[in-house]
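Here's the structure we're looking at; comments come further down.
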Amino acid sequence: MTGFTIIEPGLLEWRSATIDADGFPETIQFHTDADLSPLDAIFRARVTRVDATLEIAFLDLGDGLTGAMNFRRAKQLVKGRADTISDCVREGDMLTVQVLSEPSALEGKALPVTARPRLLGRYVVAETGGARLNFSKDLGPKAQKTLTPLLTDAASKAAVIVRSHAGSVAPEAVAAEAQMLVNALTADSDKPGLLFAHSPQAQALLAAPHGESDILVEGGSALADAKAVAARLWPDVAARLKPFKGESAAFEEYGVNEAVEEALAPRIDLPSGGWISITPTPALTAVDVNMGGALKGRSAAEAKLITNMEAAMATAWHLRFQDIGGLVVVDFIDMSSKGHAKELMDTVNEAFKGDTVPVQHTGLSQFGLMEINRKRSGLSLRDRMMVSTAHRARAQAQALQLLRDAVRTANRAEPGTLVIAAPEGTKAWFEARADVTESLQQSTGRTIAFETADTPSVWLRA
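The sequence shown: position 139 = 139 (the UniProt record's numbering), numbered continuously.
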């Protein structure tokens, strides 16, 4: 058995997960509609206020969204010297900007934006800031010679950087993706609003790992649609798309939902009887290692070493699966036996070998602490799914899960009204988005009813 990817379609959000050769989840990714998460989306924006004290420009992005651009990013708009942000932008200026951070990480605040949008494709990267054509050093002269005339038009409007993966597909596919991205960068409007954002489906296809591993899509119609889009834009993905044929939902069958629940739990049990807890704070993520019942049948020195080694492997897995970035501090159990510290460090080094993003770590301090720095790539799983101050499920995440459950429940043979029970906050989320309920009703062919309940659930009422 080799590793593969599973894709779960959904209303407003698709999810994908990579499964390793042993059948265990490795990573999970969320592909959310721009209405809910405008990360990487490109907007036409109007400067509404320039704060010379804070050196920040505030922008109207349309649809009630506010952007904020600091002086460092605003300086990219001018070629000459700029001493203050007022030298870069003025109230009323219309700019094309890109959102840099997820909104849920900054609730109630303006979205950080840049005036140098950059779109990452499977074969090329397109960005503003000057027209040019560059090639990856991994692409040979022959490939560059073939691609250059096909990309000249796109590269005359924006910077086009051709990635090494372009060598594995037909040149026409590379040109098609480049043109699509450049068109998005050069789109214009005379009023604030969204100019471009990848759909959840496109995000899922773009995120598929490179290589030859299978990509299983749940649902026949979703597979057909994905194949059509991939055949047009990403032929290396199209050839790998296959139907998921399990008896239950893909994320259930391969333990992804279970892994999410474990990751969000207050404690994560280890095989030896010990456990770890992962606690995010504004400054860092703390991982606490506890021996628990690991002493049973073992000497203290052996129990400490085994628990610490298991904790190191579990920490490495959860940092990847939960996409935890930034500074992480692990409080290992203090060990006094000679040689055990080296064994633990060897385990740590091995555990982080397979990470897809750069990871650095220190040795053990005299207090048993280890500092880990992992490149941040977006919201962590916990930040995406939970409201940290209240430690409860986010209304949006809960609503999206209810939508997934509703679609599956509606597909049952028995007749009846589709009832969605949810807490008040989640009901309010649905009430504010009547179009979502209408889409669900149209796609399922059932009458939809909402009820208030502390525990979210979905069922059919005869």
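Glycine included, each C-beta is placed from N, C-alpha and C at the ideal position.
Three-state secondary structure (DSSP) of residue i
| i | result |
| --- | --- |
| Gln-322 | coil |
| Glu-13 | strand |
| Thr-447 | coil |
| Glu-300 | Residue identity differs from the one stated: residue 300 is Ala in this sequence, not Glu. Three-state DSSP puts Ala-300 in a helix. |
| Leu-364 | coil |
| Met-370 | strand |
| Val-169 | coil |
| Val-174 | helix |
| Pro-141 | helix |
| Arg-461 | strand |
| Ala-159 | strand |
| Ala-263 | helix |
| His-340 | helix |
| Leu-151 | helix |
| Ile-19 | strand |
| Ile-6 | strand |
| Ser-277 | strand |
| Phe-251 | helix |
| Ala-131 | coil |
| Leu-305 | helix |
| Arg-376 | coil |
| Asp-454 | coil |
| Ala-399 | helix |
| Met-386 | strand |
| Asp-405 | helix |
| Ala-294 | coil |
| Val-348 | helix |
| Leu-36 | coil |
| Ala-126 | strand |
| Ala-393 | strand |
| Val-256 | helix |
Assigned exposure category for residue i - 16 Cβ within 10 Å defines buried
| i | result |
| --- | --- |
| residue 473 | Coverage of the chain is limited to positions 1 through 462, which leaves residue 473 absent and any answer about it impossible. |
| His-210 | exposed |
| Gln-366 | exposed |
| Thr-84 | exposed |
| Gly-121 | buried |
| Gln-203 | buried |
| Gln-442 | exposed |
| Thr-32 | buried |
| Leu-106 | Any reading at Leu-106 needs caution, since the residue's pLDDT is 48, under 50, leaving its predicted position unreliable; the model's value is listed next. Leu-106 should be labelled exposed. |
| Pro-141 | exposed |
| Asn-257 | buried |
| Gly-10 | buried |
For residue j and residue i, the rounded distance between their alpha carbons
| i | j | result |
| --- | --- | --- |
| Ser-101 | Leu-379 | 8 Å |
| Ser-457 | Leu-344 | 44 Å |
| Ala-314 | Leu-264 | 14 Å |
| Thr-96 | Glu-13 | 26 Å |
| Gly-325 | Arg-446 | 43 Å |
| Lys-137 | Ser-164 | 8 Å |
| Thr-417 | Glu-438 | 14 Å |
| Thr-48 | Lys-75 | 18 Å |
| Phe-24 | Ser-299 | 31 Å |
| Ala-432 | Lys-109 | 20 Å |
| Glu-253 | Phe-244 | 10 Å |
| Ile-215 | Lys-304 | 41 Å |
| Ala-126 | Asp-60 | 25 Å |
| Gly-62 | Ala-250 | 37 Å |
| Ala-301 | Ser-336 | 8 Å |
| Asn-349 | Lys-338 | 19 Å |
| Ala-351 | Glu-371 | 15 Å |
| Arg-394 | Met-385 | 6 Å |
| Thr-307 | Arg-320 | 20 Å |
| Gly-80 | Cys-88 | 10 Å |
| Leu-369 | Trp-429 | 42 Å |
| Val-99 | Ala-175 | 26 Å |
| Ala-208 | Thr-455 | 34 Å |
| Ala-156 | Ala-68 | The question names Ala, but residue 156 in the sequence shown is Ser. Each residue's alpha carbon lies about 29 Å from the other. |
| Arg-132 | Ala-226 | 32 Å |
| Ile-6 | Ile-278 | 27 Å |
| Ala-311 | His-361 | 15 Å |
| Gly-3 | Ala-21 | 4 Å |
| Glu-26 | Thr-285 | 20 Å |
| Ser-248 | Leu-440 | 21 Å |
| Lys-273 | Thr-18 | Looking at the sequence provided, one finds Gly at residue 273 rather than Lys. If you take the alpha carbons of Gly-273 and Thr-18, they lie about 28 Å apart. |
Closer than 6 Å: residue i CB and nearest the ligand NAD heavy atom
| i | result |
| --- | --- |
| Ser-37 | This structure does not include the ligand NAD; it has no bound ligands of any sort. |
Length-filtered (3 minimum) beta strand (DSSP E) runs lying within the UniProt domain "S1 motif" (40-116): 42-51, 56-62, 65-70, 94-99, 111-114
Beta strand (DSSP E) segments (min. 3 residues) lying fully within the stretch 407-439: 417-422
Please give me, in chain order, every unbroken run of the beta strand (DSSP E) with length at least 3 that falls completely inside the stretch 209-246. 215-217, 241-243
Is the stretch 357-373 close to the stretch 319-333, with three or more CB pairs under 8 Å? yes
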